[in-house]
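Chemist: The structure follows.
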Amino acid sequence: MSNKKAALELGTRPIGQLLVQYALPAIVAMVATSLYNVVDSIFIGQGVGALAIAGLAITFPFMNLSAAFGAAIGVGASTLLSVKLGQRDYDIANRILGNNVLLNITVGVLFAAVSLFWLDGILRFFGASDATLPYAHDYMVIILLGNAVTHLHLGLNAMLRAAGKPREAMYLTIATVIINAILDPLFIYTFEMGIRGAAVATILSQVLALVCQWWLFNKKTELVHFEGSKMHLESSIVKGIISIGISPFAMNACACLVVIFINNSLMHYGGDMAVGGYGIANRIVFIFVMITLGVCQGMQPITGYNYGAQNYNRMLEALKLATITGTLVCAVGFFIAMLCPRFIASMFTSDPSLIEHSVVAMQYIMALFIIIGAQMVITNFFQSIGSAKVSIFLSLSRQLIFLVPMIIILPQFMGLKGVWLAMPLSDGIAAIMAYAMIAVYIRKIKREKPF
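For the sequence shown, counting from 1, position 404 maps to 423 in the working numbering; every step adds exactly one.
Right, dumping it as structure tokens:
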């Protein structure tokens, strides 16, 4: 199908069919990404122990911060690439690919070098105790040594999607998860490497995926491919990448800050097992959040196109269908957390204390989860129609504006329960705000252009 025909279908084809077509590959990739983290946690929890799970939870801010830099480059470079391909400027497109590679390697190496130098101090700041520090340290040393590989793998996957190869990107994501699941027990149990084995399995699976990506981009018959003469940093391209990527960087950096606050509060009021319980609950939340983000990614081109074409009926129909789908996805997560949290927790650990903390964490964190799907869809809707400031505000409101102050204040009166309670309360307030803003927006466009 030509790009022109595909674009025209966004304005004519039934919304339900379009949402399935655009969202399904994104959902598959998102689920694969979330399962990647779940598999690691299960093998670490069952094969190494409860404290290892808590140590792994301490590393979440590191992952978020690394993802922030990766997103800044990946989103920025892939967006620029899409624009240049649309303009048929293939020379610049190949130079963007070269800059993407070099930036990811440079940032990946620098981030790893700085982090390794102050590793134990950073982990302490993130909430590590004497008991969990060795596990977090052993895991992060391996992950950071392979950080450039991780950055490059994720960056090239974004470029594959932008270059019109979303299936290849999806297949590589799935393959990475499968390879990691095979290598985890081998390195953790057979080679008796413990939590370090899980980290080695993660990096090796990404190395294998990176080899495939490198092969795909080395094909000279492809419009976008590696050229030695274009593998150097150019200030204009780097500035363009950074200017676009600053928004996703800020959102991921915000997520890092929030997790630091949560881990330290849990450590202070509940100890290592509370941190571990949050780590397990977070893995479950992550699955449903990623599926909902896949729905949002499928919605964005539909709403964006029809907004530009002033087809507001179709735009709102896409928003409505995505909101219903996102709500149903989060409702499934809610019922799982309420009805069988103990079974879910026992998949990760056999430690009774950690299971109890995990049950409490899941039931508190996901207490208002049903309304979060709609909040996420609305946030992404504003981004798709070019209202970036509104989208960023709604993203930050849920975690930074409401959650952080509550985590600071509530535990002083309620102890550990206050930490848990802060999460659903901030979710509820952020959702109400999103509903109010979308209601105002819909009334505005109906008033300006009745339909």
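Just so you know, even glycine gets a beta-carbon here, dropped at the ideal spot from N, CA and C. For clarity, every value in this text was computed on a predicted model and none was experimentally measured.
1) Below 8 Å on the Cβ atoms is my guess for Gly-66 versus Phe-367; work out the distance and round it to an integer in Å.
2) Quick one: measure Cβ to Cβ for Arg-302 and Ser-60, integer angstroms, because I've assumed they're closer than 8 Å.
3) Is it buried or exposed for Lys-339, if we count other Cβ within 10 angstroms and need 16 for buried?
4) At the level of alpha carbons, what is the spacing between His-170 and Gly-93?
5) Check Lys-239 in the structure and name its three-state DSSP category.
6) According to the neighbour-count rule (16 or more other Cβ atoms, all chains shown, within 10 Å of its Cβ), is Arg-333 buried or exposed?
7) Identify which residue in Val-57, Ser-406, Ala-449 and Val-120 has its Cα closest to the Cα of Phe-421.
8) Quick check on DSSP: helix, strand or coil for Val-67?
9) Count the CB pairs spanning the segment 436-443 and the segment 346-354 that are closer than 8 Å, and state whether there are at least three.
10) Counting along the chain, where does the alpha helix (DSSP H) carrying Thr-125 start and finish?
11) Using 8 Å as the threshold, is the C-beta distance between Ile-260 and Ala-96 below it?
12) Do you know offhand how far Leu-43's Cα is from Gly-313's?
13) Count the other C-beta atoms from every protein chain shown that fall within 10 angstroms of the C-beta of Arg-462, then say buried if there are 16 or more, exposed otherwise.
14) Straight-line CA distance for Lys-5 to Leu-205?
15) By alpha-carbon positions, which one of Arg-215, Asn-113, Cys-231 and Arg-143 ends up nearest to Ser-248?
16) Verify whether the separation of the beta carbon atoms of Met-309 and Val-50 is less than 8 Å.
17) Taking only three categories from DSSP, how would you classify Cys-359?
18) Roughly how far, in whole angstroms, is the beta-carbon of Thr-322 from the beta-carbon of Ile-404, given that I think they are within contact range, below 8 Å?
19) Cys-359: buried (16+ other C-beta within 10 angstroms of its C-beta) or exposed?
20) If we call anything under 8 Å between Cβ atoms a contact, is His-172 one with Leu-229?
21) Helix, strand or coil: how does DSSP classify Ala-150 here?
22) Just verifying my parser: in three-state terms, what is the DSSP assignment at Pro-368?
23) Quick check: the segment 291-306 against the segment 379-391, are at least 3 beta-carbon pairs closer than 8 Å?
24) Mind checking whether Ala-48 and Thr-192 have CB atoms under 8 Å apart?
25) For the ligand ADP, any of its heavy atoms closer than 7 Å to the Cβ of Val-278?
Modeler: Let me spell this out:
1) About 11 Å separates the beta carbons of Gly-66 and Phe-367, which is beyond the 8 Å limit, so they are not a contact pair.
2) Confirmed, about 5 Å.
3) It is exposed - the Cβ of Lys-339 has fewer than 16 other Cβ atoms within 10 Å.
4) Each residue's alpha carbon lies about 9 Å from the other.
5) Three-state DSSP puts Lys-239 in coil, outside helix and strand.
6) A buried status is given to Arg-333, since no fewer than 16 other beta-carbon atoms sit within 10 Å of its beta-carbon.
7) If we check each option's Cα against that of Phe-421, Ala-449 comes out closest.
8) Val-67: coil per DSSP, three-state reduction.
9) Under the Cβ criterion (8 Å, minimum of three pairs), the segment 436-443 does not count as touching the segment 346-354.
10) Segment 109-136, the alpha helix (DSSP H) holding Thr-125.
11) Going by C-beta atoms, Ile-260 is nearer than 8 Å to Ala-96.
12) Rounded to whole angstroms, the gap between the alpha carbons of Leu-43 and Gly-313 is 7 Å.
13) It counts as exposed.
14) The first residue shown for the chain is 20 and the last is 470, placing residue 5 beyond what the model contains.
15) Closest option to Ser-248, Cα to Cα, is Asn-113.
16) The answer is yes: Cβ separation under 8 Å.
17) Coil.
18) Their Cβ separation, rounded to whole angstroms, is 6 Å, which keeps Thr-322 and Ile-404 in contact under 8 Å.
19) Label assigned to Cys-359: exposed.
20) A distance below 8 Å separates the beta carbons of His-172 and Leu-229.
21) The answer is coil: DSSP assigns Ala-150 none of H, G, I, E or B.
22) Checking the sequence, you will find Thr at residue 368 rather than Pro. Coil.
23) Touching, per the Cβ criterion.
24) For Ala-48 and Thr-192, yes; Cβs fall inside 8 Å.
25) In the structure on display, the ligand ADP does not appear, and there are no ligands present to speak of.
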